[in-house]
Amino acid sequence: MAAIGGDILKGNTLTLILNLLREQPMYGFQIAKEIERRTDGTLRFREGLLYPALHQLEKEGLVESEWQESDRGPRRKYYLLTARGRREAERLRRRWAVFSRAVNQVFGGRSSV
Amino acid sequence: MSSIEAYLDQACGQLYVNPAVATDIWDELRGHLEELVAWHRREGVDEEEALRLALAGFGEPAKLNSYLHMVHHGDGLWARRLKAMALGMALGSLISLLSALARQMGSASPLLLASVGAAGSQLYLPIGAITTGGLIGLLSARRGGFFVGWTLGSLAWLVAYAAVWVSGTVSGSFSPQESLSAFYGVLLSPILGGLFGAAVSLGSGALLSAGSRLRPTIR
């Protein structure tokens, strides 16, 4: 399947990041590769552009970060959800469920006009 | 300089954040790029190709820079404003000094007097030049650049000289030479004030970007 990037992904980047971080703290490279792995490469984006999004989330108090040493290379900056971030992740997840159900209804429905 | 550092120089340049934050951003992006290179290497490509793929996959450095700038814009704004104000006041002091020297030269031409701001009261001129320089620095610290500084400087110079010329001429307290130099000051405000303002604006921009530029951490 061809990779999806650009504007479709951009609008949902925060939903993806926050909901991945619900599971465990992650660092940037890990977030990018995890999204790619779980979608079999369908969702792929310019990985550098992840950082402005992460920094923005941190400024808004939705995530916190901490540096951790790594025995496999340079130190890594891990991001973890704050309580507010957890609530926001849940809100965005519900919103996405409503949206995707609605889109599927449009695709699967028959015209009665 | 490695191609990763050249990329980061472009992606992280001109961010006005404090040095600790700057180093954090630099280290974070560099760590990701290094892991990306290693990841491509494990996929079986050679070092050079791995580096090329990593940089291409990271995105346009200019675009990343503009996004980082958007997020971190204003982080160090007040420090930047204060430095720009100090530079403007220093330039204003220099003009005052040149003005005082020009006055010592009794035979100086009105044009020379106007070009160094030596028209009007000896007391008001240093205060005016220093205050104006500081204000230009303060106002141009956020946006900076030649045109912002040039416009602010021209307007300030025009208003100051027009006030000096009108008040000195109407009250009759000016000698013909002083009146002429004040008149020249009004006419030359787009050049003299503009250059003054642009120097403050561009000078503070250069000074600040040199002071807060992202620095790599040497490991």
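Listed in order, the protein sequences are those of chains A and B.
With the numbering used here applied, the first sequence covers 5 to 117.
With the numbering used here applied, the second sequence covers 757 to 975.
Backbone N, C-alpha and C fix where the C-beta goes; we use that ideal spot for every residue, glycine too.
Residue range of the alpha helix (DSSP H) that includes residue i
{"i": "Val-926 of chain B", "result": "902-927"}
{"i": "Gln-109 of chain A", "result": "87-112"}
{"i": "His-825 of chain B", "result": "817-828"}
{"i": "Gln-34 of chain A", "result": "32-42"}
{"i": "Thr-779 of chain B", "result": "775-798"}
{"i": "Arg-76 of chain A", "result": "Per DSSP, Arg-76 of chain A belongs to no alpha helix (DSSP H) and is neither H nor E."}
{"i": "Pro-29 of chain A", "result": "It is not in any alpha helix (DSSP H) - Pro-29 of chain A carries neither H nor E in the DSSP assignment."}
{"i": "Ala-765 of chain B", "result": "The question names Ala, yet the displayed sequence has Asp at residue 765 of chain B. Taken as a continuous stretch (DSSP letters only), the alpha helix (DSSP H) holding Asp-765 of chain B covers 759-768."}
{"i": "Gly-813 of chain B", "result": "803-814"}
{"i": "Ser-935 of chain B", "result": "932-943"}
{"i": "Glu-62 of chain A", "result": "54-63"}
Same chain, Cβ closer than 8 Å to residue i, neighbours up to 5 away in sequence not counted
{"i": "Leu-811 of chain B", "result": "Ser-759, Ile-760, Tyr-763 and Leu-789"}
{"i": "Glu-38 of chain A", "result": "Leu-24 and Met-30"}
{"i": "Asn-16 of chain A", "result": "Trp-100"}
Residue i versus residue j - alpha carbon distance
{"i": "Arg-79 of chain A", "j": "Val-793 of chain B", "result": "16 Å"}
{"i": "Lys-63 of chain A", "j": "Ser-945 of chain B", "result": "44 Å"}
{"i": "Met-826 of chain B", "j": "Ala-918 of chain B", "result": "40 Å"}
{"i": "Gly-890 of chain B", "j": "Ser-957 of chain B", "result": "10 Å"}
{"i": "Leu-18 of chain A", "j": "Ala-57 of chain A", "result": "7 Å"}
{"i": "Arg-95 of chain A", "j": "Gln-109 of chain A", "result": "21 Å"}
{"i": "Glu-70 of chain A", "j": "Tyr-83 of chain A", "result": "7 Å"}
{"i": "Thr-122 of chain A", "j": "Ile-781 of chain B", "result": "Since the first residue shown for chain A is 5 and the last is 117, residue 122 of chain A is missing from the structure and cannot be characterised."}
{"i": "Trp-834 of chain B", "j": "Val-801 of chain B", "result": "47 Å"}
{"i": "Ala-106 of chain A", "j": "Arg-97 of chain A", "result": "14 Å"}
{"i": "Arg-99 of chain A", "j": "Gln-34 of chain A", "result": "25 Å"}
{"i": "Thr-992 of chain B", "j": "Ser-822 of chain B", "result": "Missing from the structure shown is residue 992 of chain B; chain B here goes from 757 to 975 and no further."}
{"i": "Leu-857 of chain B", "j": "His-59 of chain A", "result": "53 Å"}
{"i": "Ser-960 of chain B", "j": "Ser-74 of chain A", "result": "40 Å"}
{"i": "Arg-91 of chain A", "j": "Gly-112 of chain A", "result": "32 Å"}
{"i": "His-829 of chain B", "j": "Met-841 of chain B", "result": "19 Å"}
{"i": "Glu-799 of chain B", "j": "Leu-809 of chain B", "result": "11 Å"}
{"i": "Leu-785 of chain B", "j": "Ser-855 of chain B", "result": "51 Å"}
Whole-number beta carbon distance between residue j and residue i, since they are thought to touch under 8 Å
{"i": "Glu-804 of chain B", "j": "Arg-797 of chain B", "result": "About 11 Å separates the two Cβ atoms, so there is no contact after all."}
{"i": "Gly-77 of chain A", "j": "Leu-54 of chain A", "result": "No, Gly-77 of chain A and Leu-54 of chain A are not in contact; Cβ-Cβ is about 18 Å, not under 8 Å."}
{"i": "Leu-66 of chain A", "j": "Arg-88 of chain A", "result": "6 Å"}
{"i": "Gly-844 of chain B", "j": "Gly-893 of chain B", "result": "3 Å"}
{"i": "Ser-852 of chain B", "j": "Ala-885 of chain B", "result": "5 Å"}
{"i": "Leu-838 of chain B", "j": "Phe-952 of chain B", "result": "Not a contact, Cβ separation roughly 20 Å."}
{"i": "Leu-824 of chain B", "j": "Leu-771 of chain B", "result": "6 Å"}
{"i": "Glu-51 of chain A", "j": "Gly-813 of chain B", "result": "6 Å"}
{"i": "Thr-925 of chain B", "j": "Ser-935 of chain B", "result": "5 Å"}
Residue i at chain B interface by Cβ criterion, 8 Å
{"i": "Tyr-55 of chain A", "result": "yes"}
{"i": "Arg-50 of chain A", "result": "yes"}
{"i": "Phe-103 of chain A", "result": "no"}
{"i": "Pro-123 of chain A", "result": "Because chain A is modelled from 5 through 117, residue 123 of chain A falls outside the range shown and cannot be assessed."}
{"i": "Arg-4 of chain A", "result": "The structure shown has nothing for residue 4 of chain A, since chain A only spans 5 to 117."}
{"i": "Gln-72 of chain A", "result": "no"}
{"i": "Phe-111 of chain A", "result": "no"}
{"i": "Ile-21 of chain A", "result": "no"}
{"i": "Gly-89 of chain A", "result": "no"}
{"i": "Gly-32 of chain A", "result": "yes"}
{"i": "Ile-8 of chain A", "result": "With a pLDDT of 49 at Ile-8 of chain A, under the threshold of 50, the modelled position of that residue is not reliable, and no figure is offered here."}
Segment limits, beta strand (DSSP E) that includes residue i
{"i": "Ser-69 of chain A", "result": "67-72"}
Nonlocal neighbours in the same chain, by C-beta distance under 6 Å from residue i, ignoring five residues either side
{"i": "Trp-795 of chain B", "result": "none"}
{"i": "Lys-81 of chain A", "result": "Tyr-31, Ser-69 and Trp-71"}
{"i": "Gln-766 of chain B", "result": "Pro-817"}
{"i": "Phe-939 of chain B", "result": "Trp-921"}
{"i": "Ala-93 of chain A", "result": "Leu-22, Asn-23 and Arg-26"}
{"i": "Ser-849 of chain B", "result": "Ile-886"}
{"i": "Leu-820 of chain B", "result": "Ala-767"}
Residue i beta carbon near the ligand FMN (any heavy atom closer than 7 Å)
{"i": "Val-926 of chain B", "result": "The ligand content of the structure shown is nil, which means the ligand FMN is not present either."}
Same chain only: Cβ atoms within 7 Å of residue i, ignoring 5 sequence neighbours per side
{"i": "Ala-954 of chain B", "result": "Phe-902, Gly-905, Trp-906 and Gly-909"}
{"i": "Leu-807 of chain B", "result": "Ser-759 and Val-793"}
{"i": "Gly-949 of chain B", "result": "Gly-909, Ser-910, Ala-912, Trp-913 and Leu-914"}
{"i": "Leu-20 of chain A", "result": "Ile-39"}
Contact with chain A by residue i, beta-carbon distance below 8 Å
{"i": "Gly-815 of chain B", "result": "yes"}
{"i": "Met-841 of chain B", "result": "no"}
{"i": "Val-956 of chain B", "result": "no"}
{"i": "Tyr-823 of chain B", "result": "yes"}
{"i": "Val-904 of chain B", "result": "no"}
{"i": "Glu-803 of chain B", "result": "no"}
{"i": "Ala-806 of chain B", "result": "no"}
{"i": "Val-827 of chain B", "result": "yes"}
{"i": "His-788 of chain B", "result": "yes"}
{"i": "Glu-761 of chain B", "result": "no"}
{"i": "Ala-767 of chain B", "result": "yes"}
{"i": "Glu-784 of chain B", "result": "yes"}
{"i": "Glu-799 of chain B", "result": "no"}
{"i": "Leu-792 of chain B", "result": "yes"}
{"i": "Leu-820 of chain B", "result": "yes"}
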